[in-house]
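Peer 1: In our numbering, the protein residues as written are 93 to 386. No residue lacks a Cβ here, since even glycine has one placed at the ideal position from N, Cα and C. Bear in mind the structure is a predicted one, so any value in this text is a computation, not a measurement.
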Amino acid sequence: MDIIKNRKIFFSISLAIIIVGMIMMAVNGLNRGIDFEGGTLIQIKIGKTISVDEVRLIVDKFDKEASIVHSGEKKDEIQIKSKKDFNNKEIHQIFNEFKEKYKLKDEDLVQSQKFGPTMGKEIRQKALLSSAIAVVAMLIYISWRFEFKFAISAIITLAHDILIMLSVYAIFRIPVNGSFIAAILTILGYSINDTIVIFDRIRETRRLSRKDSYEKVVNDSIKKSLTRTINTSITTLVTILLLYILGVEDVKVLALPLIIGVIAGTYSSIFIASPLWYVFKSKEKDAKYNARKA
């Protein structure tokens, strides 16, 4: 495949997804989870481990979008987090359903409390700060280790990955929570690693084949790195997919954005990052040519 020749197709695919996602986000907003919206927390001691599906038989009567996780040393407690602002009567209605089904006592209602979106605001601020520091550090490192145009291409590629993840979440109305933020920070590291591998191959190919065009250098470098990149991504995806399929609810909410991020990161490091570098270098070459001609 001539990736450079078909770069506009790959750019268009990403742009289409991002535009649709941004429109959906503007119209409906992101489906912000309880970490960002606040709501009600109910913690009940069941005395044994029960499945999330079993819990949902009761909880779905009150809130089908509630988050359910296990807690306690023996995982015999459940935490129900809902974006709804339940009053005391509704909280006791929920607990009474569990009480009757599992023969519980009044003291098995470990806690019930209202919580606000303060945690979500704090997470956003720290995530933005962490991302900004990471981006600046990567920009400096890649510029020093490679060249500035490699660095700019890499940063745009990371922005692409984040926008793709946000777009998918906006289009399919997937709840955005604290796990999503953690996944984004993880994917930034994963994606930049793949991108750097291909950039390193481009630099090596340029050094060995100085007379070759930028187009040939990039295409050859991607072909040489393709097997390694795809194999790494597939093995990573298999592991995360198994976690998503077999894992408990609180593992699934982290695995899902990781799956989306790995796919987006693999795609961008092959079809976005290197073609971007080619575009920048071609424009630089044309500018130098026009300057000499003038």
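1. Looking at Ile234: is its Cβ nearer than 8 Å to the Cβ of Ile254?
2. Taking Cβ positions, are Val345 and Leu335 nearer each other than 8 Å?
3. Enumerate in chain order the residues of its own chain whose CB-to-CB distance from Glu307 is below 6 Å, with the five nearest sequence positions on each side excluded.
4. Going by the CB atoms, is the gap between Ile172 and Ile160 shorter than 8 Å?
5. Judging by CA-CA distance, which residue of Asp198, Phe154, Val202 and Glu182 is the nearest neighbour of Asp168?
6. If you pair each beta-carbon of the stretch 94–114 with each one of the stretch 140–158, do three or more pairs fall below 8 Å?
7. For Ile284, which residues from the same chain have a beta carbon less than 7 Å from its beta carbon, with the 5 sequence-adjacent residues on both sides left out?
8. On the DSSP letters alone, give me the boundaries of the beta strand (DSSP E) that Lys344 sits inside.
9. Sorted by chain position, which residues of the same chain lie with C-beta nearer than 8 Å to Ile322's C-beta, five sequence neighbours on each side aside?
10. In the DSSP assignment, the beta strand (DSSP E) including Ile136 goes from what residue to what residue?
11. Using CA coordinates, which residue listed in Leu280, Gln185 and His162 is at the minimum distance from Leu220?
12. Where does Lys197 land, buried or exposed, given buried means 16+ other C-beta within 10 angstroms?
13. Does DSSP put Ile294 in a helix, a strand or coil?
14. Taking the alpha-carbon positions, what's the Arg293 to Arg299 distance?
15. Less than 8 Å between the beta carbons of Met116 and Ala262, yes or no?
16. Check the C-beta distance from Val289 over to Tyr370 and give it rounded, since I have them as a contact under 8 Å.
17. Are there 16 or more other CB atoms within 10 angstroms of the CB of Lys373, so buried, or fewer, so exposed?
18. From which residue to which residue does the alpha helix (DSSP H) around Ile266 run?
19. Can the beta-carbon of Phe102 be found closer than 8 Å to that of Pro349?
20. For Ser106, which of helix, strand or coil comes out of DSSP?
21. Here's a check: name, in chain order, each residue in its chain whose Cβ is nearer than 8 Å to the Cβ of Arg99, leaving out the five neighbours to either side.
22. Could you tell me the distance, in whole angstroms, from the CA atom of Ile400 to the CA atom of Ala365?
23. I'd like the list of long-range same chain contacts for Arg295, defined as Cβ closer than 7 Å, with 5 residues on each side in sequence excluded.
24. Give me the residue from Ile170, Glu165, Ile183 and Gln217 with the minimum Cα distance to Gly131.
25. Run through the stretch 224–288 for me and flag every whole alpha helix (DSSP H) of 4 or more residues, listed as ranges in chain order.
26. By the DSSP assignment, the alpha helix (DSSP H) with Ile314 in it spans what residues?
Peer 2: According to the data block:
1. The residue you call residue 234 lines up with position 142 of the sequence shown. The residue you call residue 254 lines up with position 162 of the sequence shown. No, the pair does not count as a contact, with Cβ atoms beyond the cut-off.
2. For the purposes of this step, residue 345 is identified with residue 253 of the sequence shown, where counting begins at 1. For the purposes of this step, residue 335 is identified with residue 243 of the sequence shown, where counting begins at 1. When the beta-carbon positions are compared, Val345 and Leu335 stay at least 8 Å from each other.
3. Counting from 1 along the sequence shown, the entry for residue 307 is found at position 215. Here Glu307 has Ile96 as same chain residues with Cβ atoms under 6 Å from its own Cβ, once five neighbours each way along the sequence are excluded.
4. Your numbering for residue 160 matches position 68 in the sequence shown. Your numbering for residue 172 matches position 80 in the sequence shown. The answer is yes: Cβ separation under 8 Å.
5. As a first step, residue 168 must be located in the sequence shown, where it is residue number 76. Ranking the options by Cα distance to Asp168, first place goes to Val202.
6. Flag = no, the stretch 94–114 and the stretch 140–158 do not touch.
7. Taking the sequence shown and counting its residues from 1, the one referred to as residue 284 is at position 192. Once the five neighbours on either side are set aside, the close Cβ partners of Ile284 are Met230, Ala246 and Leu250.
8. Counting from one through the sequence shown, the residue named residue 344 turns up at place 252. Secondary structure note for Lys344: it is in no beta strand (DSSP E), and the uninterrupted alpha helix (DSSP H) holding it is Glu341 to Phe363.
9. Working through the sequence shown from its first residue, we reach residue 322 at position 230. The answer, listed in chain order, is Thr358.
10. Locating residue 136 in the sequence shown gives position 44, where the first residue counts as 1. Per DSSP, Ile136 is one residue of the beta strand (DSSP E) stretching across Gly131 to Lys137.
11. By 1-based counting over the sequence shown, the position of residue 220 is 128. The option with the nearest alpha carbon to Leu220 is Leu280.
12. Translated into the one-based positions of the sequence shown, residue 197 becomes position 105. It is exposed - the Cβ of Lys197 has fewer than 16 other Cβ atoms within 10 Å.
13. Mapped onto the sequence shown, residue 294 falls at position 202. Correct three-state label for Ile294: helix.
14. Here residue 293 refers to the residue found at position 201 when the sequence shown is read from its first residue. Here residue 299 refers to the residue found at position 207 when the sequence shown is read from its first residue. Each residue's alpha carbon lies about 10 Å from the other.
15. Counted from its first residue, the sequence shown places residue 116 at position 24. Counted from its first residue, the sequence shown places residue 262 at position 170. In this structure, Ala262 lies closer than 8 Å to Met116 by Cβ.
16. On the sequence shown, position 197 is the one that residue 289 refers to. On the sequence shown, position 278 is the one that residue 370 refers to. About 17 Å separates the beta carbon of Val289 from that of Tyr370, a gap too long to meet the 8 Å contact definition.
17. To locate residue 373, count along the sequence shown from 1; it is residue 281. Buried, by the Cβ-count rule.
18. Taking the sequence shown and counting its residues from 1, the one referred to as residue 266 is at position 174. It is not in any alpha helix (DSSP H) - Ile266 carries neither H nor E in the DSSP assignment.
19. One-based indexing of the sequence shown puts residue 102 at position 10. One-based indexing of the sequence shown puts residue 349 at position 257. No, these two residues do not count as a Cβ contact at 8 Å.
20. Within the sequence shown, the letter at position 14 stands for residue 106. In this structure, DSSP gives Ser106 a helical state, which the three-state scheme calls helix.
21. Here residue 99 refers to the residue found at position 7 of the sequence shown. Correct list, in chain order: Phe363, Pro367, Tyr370 and Val371.
22. Limits of the chain in this structure are 93 at one end and 386 at the other, which puts residue 400 out of reach.
23. Position 203 of the sequence shown holds residue 295. Excluding positions up to five away in sequence, the list reads Phe238.
24. Numbered from its first residue, the sequence shown carries residue 131 at position 39. It is Ile183 whose Cα lies nearest to the Cα of Gly131.
25. Runs of the alpha helix (DSSP H) inside the stretch 224–288: 240–264.
26. The residue you call residue 314 lines up with position 222 of the sequence shown. Note, Ile314: alpha helix (DSSP H), Tyr306 to Leu338.
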